[in-house]
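Here's the structure, in structure tokens; my notes come after.
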Amino acid sequence: MHDAHFPLTDLLFGIPALLAIGLYIGAVLLTNRSGRLRKWAWLRTVSFVAGVFIASAALVGPLARLSHADFTAHMAGHLLLGMLAPLLIALAAPMTLVLRTLNVHLARKLSRLLQSSFVGFFTHPFVASVLNIGGLWLLYTTNLYVAMQSNLLLHIIVHIHVFLAGYLFTISLVYIDPVFHRFSYPYRTVVFILALAGHGILSKFIYAYPPTGVPEEQARIGAMLMYYGGDAVDLLLIFILFKHWYQSVRLRKFASMVERAV
Amino acid sequence: MIHTVDAHSDNRVPFARRNLWSGILFGLGFVAFLDETLFHQLLHWHKFYDKSTVAVGLVSDGLFHAFSWFATVGGLFLVADLRRRNALWHKMWWGGKLLGGGAFQLYDGTIQHKLMRIHQIRYNVDILPYDLAWNISAAIMIAVGIGLIASAKRDKRVENGAFSNA
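Protein chains in written order, with the working numbering: chain Y, 1 to 262; chain Z, 263 to 428.
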């Protein structure tokens with residue numbers, strides 16, 4: 001891509017990022033003043049700001065510029081944009097914040113939208129995994145990767161897709177925000193194992209067969225970064241998923257103890 | 263081994279199967295983790311990718327690699343669960359751990375290394391002693407694991423009062 005495009009993508013991705021941080025902090029300050037609501041956990045705000053900054057690092061600035069010439073830098077950006085940033089943003093519970101900021105009428109409308117089969121489809125663990133991992137297979141095993149480097153529109157769409165698919169994948173597996181279409185822990189675990197396997201297999205495939213136009217050495221380091229970097233972020237996701245599972249069992253045990261006591 | 267625990271003071275027996283599976287999962291994950299850290303990262307004996315890998319080998323490696331993370335974390339959460347239920351049974355758990363770890367090592371050493379040719383244990387050496395050490399140690403782990411599980415099951419029967427000559 002020509003360097004002339006960079007101010008455009010910087011603005012295109014930079015402004016929404018700053019806007020998102022501003023809106024999030026504004027909503028936190030606003031709702032914290034209300035007496036009937038609990039104070040918003042500051043760690044969630046930290047997580048959100050960190051997540052947006054990490055996503056932006058892949059889209060704006062030096063890493064974004066470097067990633068056009070260097071596949072390893074591209075892969076580092078992809079890990080930040082598609083895995084780490086979505087996890088941090090999901091942990092910040094943005095939908096919960098929106099629901100507590102809106103008035104009752106609008107919040108009801110939004111919750112009806114969240115219950116719709118449209119949202120249910122895209123947050124289905126299997127669909128989200130196919131969008132996420134399938135999208136990556138498409139990007140790295142076809143000519144899409146080369147085409148993206150020369151076509152600005154394609155470049156923007158691919159990056160938005162990587163982030164959104166990563167976010168859908170994260171919220172389809174670990175439930176932080178309210179979820180209306182829920183799946184059991186064993187179901188989510190099986191889908192998650194298959195998705196992680198798909199990610200690992202693709203990493204080794206890239207190592208063996210570099211995408212068109214990528215030098216072998218860069219492809220190899222990039223592939224290993226994808227393999228082990230993916231492992232690191234997924235370890236966090238697995239830990240959160242199993243922690244929720246562990247806690248949910250405990251709740252049921254206490255419930256049955258209470259029942260027996262009554 | 264440990265016989266000091268009174269059979270009726272804890273919940274080991276009703277959770278025998280969970281102790282076994284927790285051990286098997288953790289053993290599998292732990293051996294996979296050791297394989298990755300020791301042989302890939304520290305010694306640099308294993309290759310990330312070997313050109314002679316067959317296609318199904320890539321799939322097998324990907325699935326086992328993904329599963330091993332879940333097995334490690336899940337196995338440890340099961341330990342936490344057994345502990346909060348006062349049901350952790352060390353002999354059964356270690357039996358499961360050695361069985362799970364040994365079974366994975368044997369699968370890795372025979373099917374994945376030899377049949378699917380994912381990678382060899384080490385390159386530019388006579389590979390036979392390495393293969394033998396790898397697979398025999400796996401077989402020993404499996405044998406000791408099965409022995410411990412059988413012994414734990416005998417203890418269970420004794421505790422249940424099935425045998426009076428204990």
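Virtual Cβ for every residue (Gly too), placed ideally from N, Cα, C.
These numbers come from a predicted model, not from an experiment.
Can residue i and residue j be called in contact, C-beta distance under 9 Å?
i, j, result
"Leu237 (chain Y)", "Val174 (chain Y)", "yes"
"Ile404 (chain Z)", "Gly337 (chain Z)", "no"
"Ser184 (chain Y)", "Ser129 (chain Y)", "no"
"Gly365 (chain Z)", "Ser330 (chain Z)", "Reading off the sequence, residue 365 (chain Z) comes out as Ala, not Gly. Taking 9 Å as the Cβ cut-off, Ala365 (chain Z) and Ser330 (chain Z) do not qualify as a contacting pair."
"Gly229 (chain Y)", "Trp137 (chain Y)", "no"
"Asp393 (chain Z)", "Asp297 (chain Z)", "no"
"Ala208 (chain Y)", "Thr315 (chain Z)", "yes"
"Leu91 (chain Y)", "Gly51 (chain Y)", "yes"
"Leu387 (chain Z)", "Phe239 (chain Y)", "The sequence shown places Val at residue 387 (chain Z), not Leu. Contact: no."
"Pro178 (chain Y)", "Ser111 (chain Y)", "yes"
"Ile133 (chain Y)", "Leu88 (chain Y)", "no"
"Phe71 (chain Y)", "Val214 (chain Y)", "yes"
"Gly200 (chain Y)", "Ala328 (chain Z)", "yes"
"Ala414 (chain Z)", "Trp351 (chain Z)", "yes"
"Phe192 (chain Y)", "Leu241 (chain Y)", "yes"
"Tyr311 (chain Z)", "His381 (chain Z)", "yes"
"Ala93 (chain Y)", "Arg33 (chain Y)", "no"
"Ile383 (chain Z)", "Phe332 (chain Z)", "no"
"Lys359 (chain Z)", "Gly289 (chain Z)", "yes"
"Ala27 (chain Y)", "Leu113 (chain Y)", "no"
"Leu81 (chain Y)", "His155 (chain Y)", "no"
"Arg274 (chain Z)", "Met378 (chain Z)", "no"
"Thr9 (chain Y)", "Val49 (chain Y)", "no"
"Phe13 (chain Y)", "Ser47 (chain Y)", "no"
"Lys243 (chain Y)", "Phe339 (chain Z)", "yes"
"Ser322 (chain Z)", "Ile373 (chain Z)", "yes"
Assuming residue i contacts residue j under a Cβ cut-off of 8 Å, what Cβ separation, rounded to an integer in Å, is found between them?
i, j, result
"Leu320 (chain Z)", "Phe205 (chain Y)", "7 Å"
"Thr212 (chain Y)", "Asn143 (chain Y)", "6 Å"
"Leu257 (chain Z)", "Gly407 (chain Z)", "Any property of residue 257 (chain Z) remains undetermined from this structure, which presents chain Z solely from 263 to 428."
"Pro86 (chain Y)", "Gly166 (chain Y)", "4 Å"
"Ala342 (chain Z)", "Tyr246 (chain Y)", "6 Å"
"Met226 (chain Y)", "Met95 (chain Y)", "That pair is no contact at about 29 Å."
Quick one: using the 10 Å Cβ neighbour count with 16 as the cut-off for buried, is residue i buried or exposed?
i, result
"Ile402 (chain Z)", "exposed"
"Arg220 (chain Y)", "buried"
"Ser284 (chain Z)", "buried"
"His308 (chain Z)", "buried"
"Asn422 (chain Z)", "exposed"
"Leu19 (chain Y)", "exposed"
"Ile15 (chain Y)", "exposed"
"Gly22 (chain Y)", "exposed"
"Phe169 (chain Y)", "buried"
"Thr189 (chain Y)", "buried"
"Asn348 (chain Z)", "exposed"
"Val162 (chain Y)", "buried"
"Asn281 (chain Z)", "buried"
"Lys313 (chain Z)", "exposed"
"Phe277 (chain Z)", "buried"
"Lys39 (chain Y)", "exposed"
"Ala223 (chain Y)", "buried"
"Trp356 (chain Z)", "buried"
"Gly35 (chain Y)", "exposed"
"Thr123 (chain Y)", "buried"
"Tyr24 (chain Y)", "buried"
"Pro125 (chain Y)", "buried"
"Leu84 (chain Y)", "buried"
"Leu11 (chain Y)", "exposed"
"Tyr385 (chain Z)", "exposed"
"Phe121 (chain Y)", "exposed"
"Tyr145 (chain Y)", "buried"
"Met263 (chain Z)", "Low confidence applies to Met263 (chain Z): its pLDDT is 45, below 50, so where it sits in the model is not reliable enough to give any reading."
How far does the alpha helix (DSSP H) with residue i in it reach, from first residue to last?
i, result
"Val158 (chain Y)", "Leu152 to Leu173"
"Arg346 (chain Z)", "Ala317 to Arg346"
"Trp396 (chain Z)", "Leu390 to Asn422"
"Arg112 (chain Y)", "Val104 to Gln115"
"Thr189 (chain Y)", "Tyr185 to Ala208"
"Leu43 (chain Y)", "Trp42 to Leu59"
"Val293 (chain Z)", "Ala278 to Leu296"
"Leu87 (chain Y)", "Ala85 to Leu91"
"Thr96 (chain Y)", "Pro94 to Thr101"
"Pro62 (chain Y)", "Pro62 to Leu66"
"Phe310 (chain Z)", "Per DSSP, Phe310 (chain Z) belongs to no alpha helix (DSSP H) and is neither H nor E."
"Ala365 (chain Z)", "His352 to Tyr369"
"Pro125 (chain Y)", "Pro125 to Ser129"
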